[in-house]
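Enquirer:
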Amino acid sequence: MSLLTCDKVHILSLMVNLKPFLHILPADLPPIKKYFYTEAETLVFSNRKETNNIFVDDLKEGEEKRPIPNPCRTFLEAFSLYPEIMENIERVGFTKPTPIQSQAWPVLLSGEDLIAIAQTGTGKTLAYLLPGFIHMDGQPVAEQNGPGMLVLTPTRELALQIEAECKKYRYKDYKSLCIYGGGDRRGQINMVKGGIDIVIATPGRLNDLQMNELITLSSISYLVLDEADRMLDMGFEPQIMKIILDIRPDRQTVLTSATWPTGVRRLAKSYLKNPMMVYVGTLDLAAVNTVQQTVTIVSEEEKKSYLYDFVRNMLPQDKVLIFVGRKIMADDISSDLCLQGLAVQSLHGDRDQHDREEALQEFKESRVRILVATDLASRGLDVHDITHVFNYDFPRNIEEYVHRVGRTGRAGRSGAAVTLVTRQDWRMASELIPILERSGQDIPEELVLMAERYEKHMKEKELRDPKGGPGRAGGSSSDRRGGGGRGGRDRWGF
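Note that UniProt numbering numbers the sequence shown so that position 450 is 450, with each residue one more than the last.
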């Protein structure tokens with residue numbers, strides 16, 4: 001049995017053995033106040049599907065289901081009792097809630113646990129932050145002896161962006177702290193000792209402080225697992241489990257994810273209590289419809305030529321994010337473009353933290369309009385005016401393709417994605433085709449032929465080696481996509 005398989009077995013065993021204790025409340029913990037919602041008189045029932053393409057599932061165990069709050073059509077309908085939040089919203093200049101916000105706010109302010117399935121750029125950060133502020137403010141002051149809100153997130157870039165949102169919508173002078181690997185550990189510890197209200201952290205560094213008893217998590221009453229699918233992809237499940245064991249079990253919990261695969265369903269079922277699930281559109285994996293997607297079949301040797309032709313034809317107002325599979329390729333391409341006299345930056349894990357933050361800031365401020373990045377480094381990249389995504393290397397799975405494409409076409413804008421596919425990517429062709437179909441894109445005939453050839457190849461391989469069929473490589477494509485959960489054995493899709 002491999003080490004990875006052993007780790008998975010150990011995690012599953014621990015989750016099963018600890019499950020009976022996850023909802024036992026220690027006697028010395030004061031009760032949490034969770035309900036802060038009064039439905040506005042102007043709020044009337046509206047068809048969620050017709051108005052915002054919103055769907056809500058009540059995942060409460062048992063037959064008796066709860067009434068689902070109506071979605072808010074305006075900020076005032078959600079926050080009329082909270083003038084300080086309304087002032088911040090008006091100051092920033094937002095005019096209307098996004099679909100995910102309009103339904104998430106009533107659910108969270110009603111004290112329910114929430115699963116929010118949404119692509120990047122849909123406003124999900126604000127969907128959980130504002131109710132979190134109100135939740136913290138509603139707890140007895142005398143009982144607050146540590147941070148009240150914890151947001152776990154996969155990367156430091158995303159953690160920093162969430163902290164920036166906390167500061168933008170500052171509320172009640174709450175102090176937030178960003179805890180992540182590669183940062184100033186001593187400085188982070190000193191800030192914790194000085195007293196903080198909100199922790200935004202990557203699981204690895206927070207688990208480090210937790211295991212060394214440098215931070216107390218028992219005061220957390222509002223927990224967010226942000227981009228849970230990505231945290232699991234990065235192998236953070238053991239750290240997440242250890243962190244949650246130190247948090248009071250009667251907390252309010254929010255889980256966000258762009259996809260709904262088996263691993264995320266298992267995580268949600270273990271750590272959320274009778275949640276409501278809010279999603280926009282479908283739980284089937286589908287790239288955003290605001291992005292025009294072009295797929296080109298090329299040889300490995302032709303890829304640089306295609307990329308440089310694309311860059312030469314960029315318009316002055318264009319801003320492109322180029323995805324590559326390896327750090328060395330990010331450096332190689334960015335160096336080539338620099339030698340051509342172009343302003344370009346690269347973003348990958350081997351660059352130190354200061355250089356990564358500088359690259360990201362220059363791209364955000366359009367001082368450079370070309371950013372070459374790897375998947376891990378770019379996760380959480382929040383730049384609303386990216387006009388093009390260029391997939392130089394095809395991602396390792398179809399979920400990552402959707403994440404990449406979702407970096408453009410955000411905040412009401414349209415975008416374009418160009419993807420180069422080589423023969424080495426043929427195993428992904430059959431999974432890419434339905435994504436393109438569902439978002440109304442043209443499908444190259446060469447891609448269809450590639451999918452057929454791969455399917456034939458796998459059937460022949462299975463006939464030669466019946467024990468080593470496609471499942472040996474990591475599960476079926478339907479498992480990776482996640483699916484909808486409506487036609488399974490239970491409401492969770494198991």
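We put the CB at the ideal spot given by N, CA and C, even for glycine. Please read these numbers as outputs of a predicted model, since none were measured by experiment.
#1: Tell me whether residue 252 is buried or exposed, calling it buried when 16 or more other Cβ atoms sit within 10 Å of its Cβ.
#2: In whole angstroms, give me the CA-to-CA distance for residue 276 and residue 317.
#3: Based on Cα-Cα distance, which residue from 238, 162 and 224 lies nearest to residue 211?
#4: Three-state secondary structure (DSSP) at residue 109?
#5: Whole angstroms are fine: how far does the CA of residue 445 sit from the CA of residue 162?
#6: Which word fits residue 343, buried or exposed, when buried means at least 16 other C-beta atoms lie within 10 angstroms of its C-beta?
#7: For the alpha helix (DSSP H) containing residue 343, list its first residue and its last residue.
#8: Fully enclosed by the stretch 286 to 317, which beta strand (DSSP E) runs are 3 residues long or longer?
#9: Less than 7 Å between C-beta atoms, sequence neighbours within five positions excluded: which residues of the same chain meet that for residue 29?
#10: Find out if the Cβ-Cβ distance for the pair residue 140, residue 109 is shorter than 8 Å.
#11: Rounding to the nearest angstrom, what Cα-Cα distance links residue 201 and residue 308 in this structure?
#12: What whole-angstrom Cβ distance do residue 176 and residue 197 have, given they're in contact under 8 Å?
#13: What are the boundary residues of the beta strand (DSSP E) that residue 59 is part of?
#14: What does DSSP give as the partner residues of residue 174 in its beta bridges?
#15: Using a Cβ-Cβ cutoff of less than 6 Å, which residues in the same chain neighbour residue 240 once the five nearest sequence positions on both sides are dropped?
#16: Terminal residues of the continuous beta strand (DSSP E) containing residue 256?
#17: For residue 92, count neighbouring C-beta atoms within 10 Å of its own C-beta (all shown protein chains included) and say buried if the count is 16 or more, exposed if not.
#18: Roughly how many whole angstroms lie between the Cα atoms of residue 386 and residue 415?
#19: Let me know the alpha helix (DSSP H) ranges lying completely inside the stretch 392 to 462, each 4 residues or longer, listed in chain order.
#20: Output the distance between the C-alpha atoms of residue 348 and residue 327, rounded to the nearest integer angstrom.
#21: Extract the residue ranges of the beta strand (DSSP E) inside the stretch 195 to 273, only unbroken runs of 3 or more that lie entirely within it.
#22: Between residue 82 and residue 134, which are expected to be in contact by the criterion C-beta below 8 Å, what is the C-beta distance as a whole number of angstroms?
#23: By DSSP, does residue 388 sit in helix, in strand, or in coil?
#24: How about residue 154 and residue 75: do their beta carbons lie closer than 8 Å?
Expert: To lay it out plainly:
#1: buried
#2: 42 Å
#3: 238
#4: helix
#5: 42 Å
#6: exposed
#7: Counting along the chain, residue 343 falls outside any alpha helix (DSSP H), and DSSP gives it neither H nor E.
#8: 291 to 297
#9: 248
#10: no
#11: 38 Å
#12: 7 Å
#13: First-last for residue 59: undefined, no H or E at that position.
#14: BP columns for residue 174 are empty, so no partner.
#15: 203
#16: 252 to 257
#17: exposed
#18: 7 Å
#19: 398 to 405 and 429 to 438
#20: 6 Å
#21: 198 to 201, 222 to 225 and 252 to 257
#22: 6 Å
#23: strand
#24: no
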